[in-house]
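J.:
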Amino acid sequence: MTADDIYRTVMAVVPPATETPFERASRDFLFDQVWSRPGLGIRDRRIVSLACVAAADAVKPIEDHVYAALRSGDLTIEQLNEITLHFAVYCGWPKASQLEGIVRRQWHRLYAERGEEAPAFPALPYEDLGTTDHAERIRRGQEEFVAVNAVPAPPPDSPYFFAGILGFVFGHVWQRPALSRRDRRLVTVPCVGLSDAAGPIAAHVGSALETGDVSWDEMQEVILQFSAYYGFAKGEALHDAALRWQTMQT
Amino acid sequence: MTADDIYRTVMAVVPPATETPFERASRDFLFDQVWSRPGLGIRDRRIVSLACVAAADAVKPIEDHVYAALRSGDLTIEQLNEITLHFAVYCGWPKASQLEGIVRRQWHRLYAERGEEAPAFPALPYEDLGTTDHAERIRRGQEEFVAVNAVPAPPPDSPYFFAGILGFVFGHVWQRPALSRRDRRLVTVPCVGLSDAAGPIAAHVGSALETGDVSWDEMQEVILQFSAYYGFAKGEALHDAALRWQTMQT
Amino acid sequence: MTADDIYRTVMAVVPPATETPFERASRDFLFDQVWSRPGLGIRDRRIVSLACVAAADAVKPIEDHVYAALRSGDLTIEQLNEITLHFAVYCGWPKASQLEGIVRRQWHRLYAERGEEAPAFPALPYEDLGTTDHAERIRRGQEEFVAVNAVPAPPPDSPYFFAGILGFVFGHVWQRPALSRRDRRLVTVPCVGLSDAAGPIAAHVGSALETGDVSWDEMQEVILQFSAYYGFAKGEALHDAALRWQTMQT
Numbered sequence: 001m002t003a004d005d006i007y008r009t010v011m012a013v014v015p016p017a018t019e020t021p022f023e024r025a026s027r028d029f030l031f032d033q034v035w036s037r038p039g040l041g042i043r044d045r046r047i048v049s050l051a052c053v054a055a056a057d058a059v060k061p062i063e064d065h066v067y068a069a070l071r072s073g074d075l076t077i078e079q080l081n082e083i084t085l086h087f088a089v090y091c092g093w094p095k096a097s098q099l100e101g102i103v104r105r106q107w108h109r110l111y112a113e114r115g116e117e118a119p120a121f122p123a124l125p126y127e128d129l130g131t132t133d134h135a136e137r138i139r140r141g142q143e144e145f146v147a148v149n150a151v152p153a154p155p156p157d158s159p160y161f162f163a164g165i166l167g168f169v170f171g172h173v174w175q176r177p178a179l180s181r182r183d184r185r186l187v188t189v190p191c192v193g194l195s196d197a198a199g200p201i202a203a204h205v206g207s208a209l210e211t212g213d214v215s216w217d218e219m220q221e222v223i224l225q226f227s228a229y230y231g232f233a234k235g236e237a238l239h240d241a242a243l244r245w246q247t248m249q250t
Numbered sequence: 001m002t003a004d005d006i007y008r009t010v011m012a013v014v015p016p017a018t019e020t021p022f023e024r025a026s027r028d029f030l031f032d033q034v035w036s037r038p039g040l041g042i043r044d045r046r047i048v049s050l051a052c053v054a055a056a057d058a059v060k061p062i063e064d065h066v067y068a069a070l071r072s073g074d075l076t077i078e079q080l081n082e083i084t085l086h087f088a089v090y091c092g093w094p095k096a097s098q099l100e101g102i103v104r105r106q107w108h109r110l111y112a113e114r115g116e117e118a119p120a121f122p123a124l125p126y127e128d129l130g131t132t133d134h135a136e137r138i139r140r141g142q143e144e145f146v147a148v149n150a151v152p153a154p155p156p157d158s159p160y161f162f163a164g165i166l167g168f169v170f171g172h173v174w175q176r177p178a179l180s181r182r183d184r185r186l187v188t189v190p191c192v193g194l195s196d197a198a199g200p201i202a203a204h205v206g207s208a209l210e211t212g213d214v215s216w217d218e219m220q221e222v223i224l225q226f227s228a229y230y231g232f233a234k235g236e237a238l239h240d241a242a243l244r245w246q247t248m249q250t
Numbered sequence: 001m002t003a004d005d006i007y008r009t010v011m012a013v014v015p016p017a018t019e020t021p022f023e024r025a026s027r028d029f030l031f032d033q034v035w036s037r038p039g040l041g042i043r044d045r046r047i048v049s050l051a052c053v054a055a056a057d058a059v060k061p062i063e064d065h066v067y068a069a070l071r072s073g074d075l076t077i078e079q080l081n082e083i084t085l086h087f088a089v090y091c092g093w094p095k096a097s098q099l100e101g102i103v104r105r106q107w108h109r110l111y112a113e114r115g116e117e118a119p120a121f122p123a124l125p126y127e128d129l130g131t132t133d134h135a136e137r138i139r140r141g142q143e144e145f146v147a148v149n150a151v152p153a154p155p156p157d158s159p160y161f162f163a164g165i166l167g168f169v170f171g172h173v174w175q176r177p178a179l180s181r182r183d184r185r186l187v188t189v190p191c192v193g194l195s196d197a198a199g200p201i202a203a204h205v206g207s208a209l210e211t212g213d214v215s216w217d218e219m220q221e222v223i224l225q226f227s228a229y230y231g232f233a234k235g236e237a238l239h240d241a242a243l244r245w246q247t248m249q250t
């Protein structure tokens with residue numbers, strides 16, 4: 001398979017001609033040398049790449065990757081909407097708002113191409129918001145924190161930890177059923193990678209490996225996919241975090 | 001007053017000697033030409049700068065600015081903890097986690113310098129999490145959205161809008177009483193500025209001006225303060241949003 | 001020369017009137033106090049600024065700076081296309097793809113202003129992608145890594161290091177002849193600066209100084225130019241890396 005064949009499979013469109021050194025090198029590197037690698041499936045690579053392009057803000061790449069995810073069938077619209085909320089937690093609401101709008105537009109584009117009207121997103125029931133019992137929410141948030149992070153839950157003594165981390169991030173978002181925990185890790189690792197916050201990078205790379213949700217070889221592929229889409233400078237920080245976790249295992 | 005005098009007032013420490021061309025140019029620009037400007041108070045400039053340095057991830061500037069905010073008395077520890085949660089919404093949880101740790105350490109540093117033990121953060125009561133009635137939370141979230149943004153609330157048809165925007169961001173965080181709405185705008189505008197998301201930039205710059213919470217002249221100063229700490233490239237985008245709002249008023 | 005004269009030379013257009021406090025302060029700071037400084041030439045300052053605005057995503061500054069680079073003749077279209085690929089390595093493909101589109105549009109704009117058709121980019125031969133001998137590529141990648149970084153090459157035991165760093169970044173991109181190594185450093189230092197990745201920041205600031213490709217005084221100017229466009233928060237981290245390198249020399 002050529003780089004253009006792989007492009008067609010991944011991006012779900014006819015490959016545009018490559019005319020500049022940038023286009024030629026990127027077509028070859030991204031598709032022939034990264035996306036085609038066997039250690040991580042295309043669907044998983046899509047999740048990592050979506051987080052990177054959404055964070056990078058250049059609108060066309062976000063549109064192209066969202067469209068390709070929907071068109072290929074690798075991700076459903078429900079999963080993309082869950083990815084948007086999870087991404088909002090890890091990269092902030094403004095960038096997520098841009099992603100949210102693009103997901104809607106690409107959903108409509110997919111149906112318009114077939115001459116059809118896209119199904120509307122159904123109004124969500126209040127049950128979607130989770131428990132109404134604060135003590136239950138915090139307790140389940142602490143359990144989820146431990147299950148995801150493989151370390152004890154933080155003390156609930158600041159708004160960031162109480163209302164935020166325990167009440168919302170782990171008390172609600174990580175538990176939402178329409179996106180698996182492993183898929184959520186594939187959004188989270190790129191997001192912490194581009195955030196540069198050393199603690200979260202170590203925590204999320206380490207816990208993905210510790211729990212076995214992501215194998216060592218899969219994590220290497222996640223880091224290479226991330227480096228292609230968000231740069232090798234930040235990729236190195238993720239790679240160092242993986243190496244430090246590995247060192248602590250011996 | 002010299003640049004060093006202003007440095008001492010703002011950073012609450014003895015000004016380090018400036019030895020390199022970069023240090024001399026930055027001392028002069030930041031303190032003699034930006035912090036000293038009359039159109040926005042030091043306390044408001046601190047909030048903008050904190051959002052910028054927290055987003056920029058370089059640890060020492062975050063430590064310096066958090067310490068200065070506490071030492072000067074311009075921001076209380078409760079306000080800094082609220083800023084951290086608000087910042088988490090707008091720049092994502094990983095960067096906020098780094099800020100949260102630095103706020104704790106600088107709080108302890110402040111007391112250690114006096115030979116004292118810092119008061120512990122009190123455990124927060126469940127009432128801190130807001131209403132347990134989902135319908136009430138969503139209704140109040142819609143009201144807060146309209147009051148802050150000066151546009152209609154979004155339809156609750158995706159997890160991002162329902163659980164996220166209405167259930168948490170406006171249904172809880174913006175309503176938390178220990179940080180004023182105007183102070184929250186001074187965190188939000190820098191955060192959307194560095195996010196590059198055009199919709200949120202227009203929305204938050206426009207609504208701050210529309211509601212009168214931030215005057216035109218104050219917004220010019222907010223954008224200049226932002227530009228000093230996060231660059232004129234992104235500052236220009238914030239300024240363009242302010243100009244477009246102004247054009248729509250005529 | 002006034003700030004407006006310097007603006008005209010640098011931006012290659014008639015200076016727009018400055019009407020708001022922000023516009024007056026930024027015109028004065030950027031052009032009268034940074035671009036006009038003698039320690040680094042305008043062409044070199046353009047490369048640093050292009051990396052910053054491209055990473056910052058605000059489209060209009062990218063357009064303005066690319067146009068000015070082409071219009072002034074300080075950078076050729078070949079050099080801009082190489083800068084785009086180099087930038088892609090350090091800041092990721094999505095941002096680079098946005099820069100790439102803007103470079104094309106400004107190239108066409110330059111010719112349209114003269115009533116002419118812009119020459120098409122020539123189709124690139126496959127030889128442009130470098131050697132097909134993997135052993136040769138890795139060997140040359142290790143040599144280039146050492147020449148650029150002044151430290152031993154990393155072990156080729158992860159996809160990030162093997163396929164990425166040795167196979168592509170140093171095995172191909174840094175060796176491409178149409179952009180000099182020194183020019184590549186002027187792209188790389190801002191990119192690592194805004195990435196906040198401490199390892200790459202230390203490595204690239206240090207190796208630029210170590211090899212003598214960039215003098216101490218020139219590096220001060222690079223960091224100040226960066227700070228103007230991407231903020232003094234991150235600029236301080238770059239400056240700290242330069243100081244630590246200097247300390248290790250004594």
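Residue numbers (full-length UniProt numbering), protein chains in the order written: chain Z, 1 to 250; chain C, 1 to 250; chain F, 1 to 250.
The beta carbon of each residue, even a glycine, is placed where N, CA and C say it ideally should be.
Quantities reported herein were computed from a predicted structural model and do not represent experimental measurements.
(1) Would you please verify whether the beta carbon of Cys91 of chain C is less than 9 Å from any beta carbon of chain Z?
(2) Buried or exposed for Val13 of chain Z, going by 16 or more other Cβ atoms inside 10 Å?
(3) Which ranges would you report for the alpha helix (DSSP H) in the segment 149-234 of chain Z if only whole runs of at least 4 residues count?
(4) For the alpha helix (DSSP H) that Pro61 of chain F lies in, which residues bound it at each end?
(5) Specify whether the segment 232-250 of chain C and the segment 124-139 of chain Z touch according to this definition: at least 3 beta carbon pairs, one from each stretch, less than 8 Å apart.
(6) Give me the Cα-Cα distance between Arg140 of chain C and Leu129 of chain Z, rounded to the nearest whole angstrom.
(7) Keeping to the same chain, check which residues put their C-beta closer than 6 Å to that of Val192 of chain Z; ignore five residues upstream and five downstream.
(8) With a threshold of 7 Å on Cβ separation, who are the neighbours of Asp28 of chain C within its own chain once the five nearest residues in sequence on each side are excluded?
(9) Using the three-state DSSP reduction, which class does Val103 of chain F fall into: helix, strand or coil?
(10) In whole angstroms, what is the alpha-carbon distance linking Thr20 of chain Z and Thr131 of chain Z?
(11) Grab the span of the alpha helix (DSSP H) containing Arg27 of chain Z for me, first residue to last.
(12) Give me the chain F residues within the contact set of Ala210 of chain Z, using Cβ-Cβ distance strictly less than 7 Å, ordered along the chain.
(13) If Ala68 of chain Z and Pro94 of chain F are in contact, beta carbons under 8 Å, what's the gap, nearest whole angstrom?
(14) Do Leu75 of chain C and Arg46 of chain C count as a contact pair if the criterion is CB distance below 9 Å?
(15) Report the rounded CA-to-CA distance for Ile62 of chain F versus Ala55 of chain C, giving the unit in angstroms.
(16) Assuming Ile42 of chain Z and Val187 of chain Z form a contact by the criterion Cβ under 8 Å, report the distance between their Cβ atoms to the nearest whole angstrom.
(17) With DSSP run on the structure shown, which of helix, strand or coil describes Phe121 of chain C?
(18) Do the segment 208-219 of chain Z and the segment 109-124 of chain C touch if we need at least three Cβ pairs shorter than 8 Å?
(19) Contact between the segment 143-155 of chain Z and the segment 167-176 of chain Z: three or more CB pairs below 8 Å?
(20) Go through its chain and collect everything with a Cβ distance to Tyr229 of chain Z's Cβ below 7 Å, but skip five positions before and after it.
(21) Starting from Ile223 of chain C, find everything on chain F with Cβ-Cβ shorter than 8 Å and list it in chain order.
(22) On the three-state DSSP scale, how would you describe Gln249 of chain C?
(23) Is it right to say Gln220 of chain C is buried, meaning 16 or more other beta carbons lie within 10 angstroms of its own, or is it exposed?
(24) Please name the residue, chosen from F:Arg244, F:Gln249, F:Val189, F:Glu210, that lies closest to Phe226 of chain F on a Cα-to-Cα basis.
(25) Using the Cα positions of residue 269 of chain Z and Phe162 of chain Z, report the straight-line distance between them to the nearest angstrom.
(26) Measuring CA to CA, which of C:Ile165, C:Pro38, C:Gly73, C:Phe87 is closest to Val222 of chain C?
(27) Anyone know if the C-beta pair for Ser97 of chain F and Ser195 of chain Z falls short of 9 Å?
(28) Can you round the beta-carbon distance between Pro156 of chain Z and Leu124 of chain C to whole angstroms, since I take them to be within the 8 Å contact cut?
(29) Closer than 8 Å by beta-carbon distance: list the chain Z residues that pair up with Asp57 of chain F, in chain order.
(30) Please determine, among F:Arg104, F:Ala241, F:Leu110, the residue with the shortest C-alpha to C-alpha distance to Leu80 of chain F.
(31) Only counting the same chain, and skipping five residues up and downstream in sequence, which positions put a Cβ closer than 6 Å to that of Ser36 of chain F?
(32) If the criterion is Cβ atoms closer than 9 Å, does the pair Val169 of chain Z and Val89 of chain Z meet it?
(33) Should Arg8 of chain C be flagged as near chain Z, meaning a C-beta pair shorter than 9 Å?
(34) What does Glu236 of chain C touch in chain F if you count any residue whose Cβ is under 8 Å from its own?
(35) Does Arg114 of chain Z come out as helix, strand or coil in the three-state DSSP assignment?
T.: Checking against the coordinates, here is how it stands:
(1) yes
(2) exposed
(3) 181-195, 198-210, 216-230
(4) 59-72 is the extent of the alpha helix (DSSP H) around Pro61 of chain F.
(5) no
(6) Going by the C-alpha atoms only, they are around 15 Å apart.
(7) Pro200, Ile201, His204
(8) The residues are Ala3.
(9) helix
(10) 54 Å
(11) Careful: Arg27 of chain Z lies outside any alpha helix (DSSP H) and carries neither H nor E.
(12) The sequence given here places Glu at residue 210 of chain Z; Ala does not occur at that position. Per Cβ cutoff of 7 Å: no residues; Glu210 of chain Z is ~19 Å from chain F at best.
(13) About 14 Å separates the two Cβ atoms, so there is no contact after all.
(14) yes
(15) 22 Å
(16) At roughly 16 Å, the Cβ-Cβ gap does not stay under 8 Å, so Ile42 of chain Z and Val187 of chain Z are not in contact.
(17) Looking at Phe121 of chain C - three-state DSSP - the assignment turns out to be coil, as it is neither helix nor strand.
(18) no
(19) yes
(20) Ser49, Cys52, Val53
(21) Phe22
(22) coil
(23) Buried.
(24) Ranking the options by Cα distance to Phe226 of chain F, first place goes to F:Val189.
(25) Absent from the model: residue 269 of chain Z. The displayed extent of chain Z is 1 to 250, so no value can be given.
(26) C:Pro38
(27) No, they are not a contact pair.
(28) That belief holds up - the Cβ atoms of Pro156 of chain Z and Leu124 of chain C are roughly 6 Å apart, short of 8 Å.
(29) Ala56, Asp57, Ala58
(30) Out of F:Arg104, F:Ala241, F:Leu110, F:Arg104 has the C-alpha closest to the C-alpha of Leu80 of chain F.
(31) These residues qualify, in order along the chain: Ile6.
(32) A contact, by the Cβ cut-off of 9 Å.
(33) no
(34) Ser26, Ala58, Lys60, Pro61
(35) coil
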